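Before any comments, here is the structure.
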Amino acid sequence: MTSPFPKSTSRPGDGRIVVRLLPAGGSGLETISYQYPLKLISPSPTVAQKSALVFLLSYGGGLVGGDGVNLTIRVHKGSSLSLVTQGHTKIFKSPSLEIVTSQKLQVQIDEDAALCLLPDPVQPFEDSVYEQVQVFNLANRASLCLLDWVTQGRIARGENWSFRSWKGRNEVWTQGSDPAQKERLLIRDNIILSHGGSQPIGLSLKDTMNKVSILGTLILRGPVMAPIGDFFMREFAALPRIGSRDFRSKEDQERDSKEMPEFEQWRSRRIDMERQQGVLWSAAQVRGCVIVKFGAASVEAGRSWIGTMLAREGSIAAYFGHSALMCVEP
Amino acid sequence: MTAQNEIQIQDEIAQLESRLQEAKARLSALGASNPAIPFRPAPSPSPSSSTHFLLLLSDSALPIGSFAFSSGLESFAAHNARASFGAFLPLSLSSYASTTLPFVLAAHRQPADLASLDDQLDAAVICTVGRRASVAQGRALLSIWERSFKTTILPSSATDALVLKDFSTLLRRESTKAGGEAPLVSAHLGPLFGAICAIVGLTLRQTAYVFMLSHVKALISAAVRANMFGPYQAQKLLASENVQDLINVVVEREWHTSVEEAGQSVPVMDLWVGRHELLYSRIFNS
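Quick mapping for you: the protein sequence lines, in order, are chains D and Y.
Take the first sequence: its letter number 325 is residue 1261 in my numbering, and every next letter is one higher.
Take the second sequence: its letter number 219 is residue 543 in my numbering, and every next letter is one higher.
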């Protein structure tokens, strides 16, 4: 006898999250479903909660060679969602280049809706093969904050960009103001790190990384992200010129810095920290998005830098709630 | 899978065409010594015409203004106290090939896709300084096409040449358009270079090689002006087997890379190029 129930179409690693504006206000989860090795957890909502919160987890805190995660997300009109993780997403080794561990994320954000994805960095182990594709479809007034970062591996075991291959692609598409309009690619940010790619130019992958331990990309778009985007652009423009000299005496410098307003003191402390901890960053306004790229000499310096920037400006915590920032807390 | 097949077939066509041209050249050489065979003009674009354009497009005097850009070299030197050009060159070649070469190849294979390739490349260049460099040179190349090359083009390439005409009409319309939306075309160097090379009859391989060699020449010329080494050392480097090998390996590495898969293979390059704006004193625009 054939089963009267419709055949399940979900496959291992599949997951789906749907967020909708609740009648009483606030954002609620309409659907949350997942299959091994993906695991999604949402703490029971509180009254004060500003956005729906979901933890992206995997059994054992990592993905073994060949695992595939395929998550689809819909954020309905006017609602908001924060996605976080618990600890680095570990990528275990693959027996060969053909066995790819992958994560695919397909997100649709409707008008006036917002998504904040600030996860922990991906930590690819030695010999791992990883591919990540994240595609975001945004309505005209939708907002997105996306952080994508990757570390050199397990430092304690001497791993230093020792994986076989790591590919990460982020695409932002927009529907435009006219519904008849074809959707358009706004941003395609693609990073390809592999030994097979650096070998032909006679270098190991590590040699091409210039002693950077963590690499990150932050993509910001939409009305909710306008203040934080402006903040990064302003702070980038305010960075000291490389190769300039300060002709003031040490005493003068100290006296001047005491008289600075609090914000400028913070900025000057941060810039000192950037210099000491080898944080390099740049920000650019590209096709209606702000894109921040950063690298740091240690994983903690990278986390601390991005956390400081996001916390200081404050608009993400104000809109999504403090939980949205838990993975980037310095 | 079909895209792969298509590329393979196109490679095969390019090979066959070059063999055909060779055979025809041999035939006409015979014809010169044997008056019984009537002389027929070579089909267009004739081998000599494509060689002529190969030399023009690889000339460092091609007025696209590449001398104004160092593609991150100046910033690299400012960020790294013991910076050497030898360390920068392979990184720069690898990065430029992985981000841009697939667009050059795709435009050569399918000149009709020029506008779409240009828009996709614009979405992928996520750095203000790099974008400025690419667009400035692309627009200059388009002007050279319109004002100088176009009139010499043989009728056989007329349909492909129309693509460039439509492209520049679109570019003019988009640049006068107000509003916040990104323009439909920006005129980046890579896809325009690929399309123009296809129209003037360069093979795919030649196009890729000239594109990468021009990058190396611009870098080396920037290094000479930044006082990293002298002109003789520069020619020695340019002539070296190392440079030839580097170009060949990166061309081979990206030969089958689709534009969707093009991306940054040396992420710190984005940081150096992006931070060029922060240099206290600058010789170059990138």
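Every residue, glycine too, gets a C-beta built ideally from N, C-alpha and C.
Remember, predicted model here, so these are calculated numbers, not experimental data.
Asked: Helix, strand or coil for Pro435(Y)? Go by DSSP, reduced to three states.; Found: helix
Asked: With respect to the alpha helix (DSSP H) encompassing Lys1142(D), which residues constitute its N-terminal and C-terminal limits?; Found: 1141-1144
Asked: Out of curiosity, what's the CA-to-CA distance linking Ile361(Y) and Ala558(Y)?; Found: Legend: pLDDT at Ile361(Y) = 48, less than 50; position of this residue unreliable, no value from coordinates given.
Asked: Within the same chain, show all residues whose beta-carbon is closer than 7 Å to that of Leu957(D), passing over the 5 residues directly before and after it, in chain order.; Found: Ser963, His1012, Lys1013, Gly1014, Ser1015
Asked: Against chain Y, with Cβ distances strictly below 8 Å, would Met1145(D) count as a contact?; Found: yes
Asked: Would Ala1092(D) pass as a contact of Phe1168(D) if the rule is Cβ separation under 8 Å?; Found: no
Asked: Under a three-way DSSP split, which group does Leu561(Y) fall into?; Found: helix
Asked: Under 7 Å Cβ to Cβ from Leu1033(D), same chain only, skipping five residues before and after it: list those, please.; Found: Val1065, Arg1100, Ser1101
Asked: Cβ of Ala464(Y) within 8 Å of Cβ of Gly389(Y)?; Found: yes
Asked: Looking only at its own chain, which residues have a Cβ that is under 7 Å from the Cβ of Ser342(Y), when we skip the five neighbours before and after it?; Found: Thr527
Asked: How about Ala402(Y) and Leu603(Y): do their beta carbons lie closer than 8 Å?; Found: yes
Asked: Taking the straight line between their C-alpha atoms, what separation do you get for Leu1080(D) and Thr476(Y)?; Found: 50 Å
Asked: Am I right that Ile953(D) and Val990(D) are in contact with their C-beta atoms under 8 Å? What's the rounded C-beta distance?; Found: 6 Å
Asked: Identify which residue in Asn1146(D), Met1209(D), Met1161(D), Gly1152(D) has its Cα closest to the Cα of Ala405(Y).; Found: Asn1146(D)
Asked: Strictly under 8 Å for the Cβ-Cβ distance: is Ser589(Y) near chain D by that measure?; Found: yes
Asked: How big is the Cα-Cα spacing for Lys474(Y) and Ile968(D)?; Found: 59 Å
Asked: If you count every other CB in all the chains shown that lies within 10 Å of the CB of Ala482(Y), and 16 or more means buried, which is it?; Found: exposed
Asked: For the segment 1210-1242 of chain D, list every residue whose C-beta sits within 9 Å of some C-beta in chain Y, in sequence order.; Found: Leu1216, Trp1217, Ser1218, Ala1219, Ala1220, Gln1221, Val1222, Arg1223, Gly1224, Cys1225, Ile1227, Lys1229, Phe1230, Gly1231
Asked: Any beta-carbon of chain Y closer than 8 Å to the one on Arg1105(D)?; Found: yes
Asked: Nearest chain Y C-beta to Gly1165(D) closer than 8 Å, yes or no?; Found: no
Asked: Which residues mark the beginning and the end of the alpha helix (DSSP H) in which Pro515(Y) is found?; Found: 513-523
Asked: Please determine, among Asp1208(D), Ala988(D), Ser1204(D), Tyr972(D), the residue with the shortest C-alpha to C-alpha distance to Pro979(D).; Found: Ala988(D)
Asked: Any beta carbon of chain Y sitting closer than 8 Å to that of Ile1045(D)?; Found: no
Asked: Roughly how many whole angstroms lie between the Cα atoms of Ile331(Y) and Phe427(Y)?; Found: 14 Å
Asked: What does Thr544(Y) reach in chain D if we use C-beta pairs closer than 7 Å?; Found: In the sequence under discussion, the amino acid at residue 544(Y) is Ile, which differs from the Thr named in the question. Going along chain D, no residue has its Cβ under 7 Å from Ile544(Y), so there is no contact; the nearest lies around 17 Å.
Asked: When the distance is taken between beta carbons, is Leu425(Y) closer than 8 Å to Val575(Y)?; Found: yes
Asked: Got a sec: is the Cβ-Cβ distance from Leu1122(D) to anything in chain A below 8 Å?; Found: The structure shown contains no chain A; its protein chains are D and Y.
Asked: Would a C-beta distance cut-off of 8 Å place Ile1123(D) and Arg1223(D) closer than the cut-off?; Found: yes
Asked: Are Ser1149(D) and Ala1233(D) close, meaning C-beta to C-beta below 8 Å?; Found: yes
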